[in-house]
Every structure is written in structure tokens, then in C-alpha cells.
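In full-length UniProt numbering, the protein residues as written are 1 to 88.
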């Protein structure tokens with residue numbers, strides 16, 4: 001009987017769904033979108049971003065506003081550490 005009383009609180013915890021983990025790639029894309037939108041002084045809706053790769057904890061995210069290309073470096077916490085304008 002004591003054993004069942006100990007398991008009851010654990011069963012209640014297990015029954016509650018866990019909150020989904022944030023999607024790191026989506027977080028990094030959103031951070032790049034916001035950074036580039038601020039850089040070009042346009043609304044974020046005018047910037048599209050696409051996660052490209054990750055190396056040593058830093059992602060490379062491509063952002064486009066019209067025909068202009070920007071590459072963001074985004075860390076694992078979603079902070080943009082820099083961006084460049086390839087081909088400019």
C-alpha cells in the first residue's frame with residue numbers, strides 16, 4: 001500500500017503533457033529576420049530567412065529582402081552575433 005502511495009504523485013506528474021521544446025532553428029531564423037529588418041529599417045514581414053548550417057554552436061542564417069542577400073551568425077541562445085552582405 002505504501003508503495004502505491006509513493007507512485008501516485010509520480011503518475012500525476014507523468015500525465016501532464018510537457019511543454020514543447022523551442023525549435024532552435026526557428027528561433028535563430030526569427031532573430032536574423034529581426035536583426036536584418038532593423039538594419040534595413042523595414043518591417044520584418046519584408047524579410048525572409050532560411051536556416052543554412054551550424055558549426056561550433058553558431059548557425060548561419062540567410063535573410064533576403066527583395067534581391068539583397070544577408071548572412072547572419074546566430075548563437076545557440078538566438079542572439080545575432082553579426083551579419084554580412086556577400087557579393088556586395
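Glycine included, every Cβ here is placed at the ideal spot set by N, Cα and C.
Beta-bridge pairing by DSSP links residue 50 to 62. Ranking 67, 40 and 84 by CA distance to the CA of residue 73 puts 84 first. Residue 46 is classed as exposed because its beta carbon has fewer than 16 other beta carbons within 10 Å across all chains shown. For residue 82, the uninterrupted beta strand (DSSP E) segment begins and ends at 80-84.
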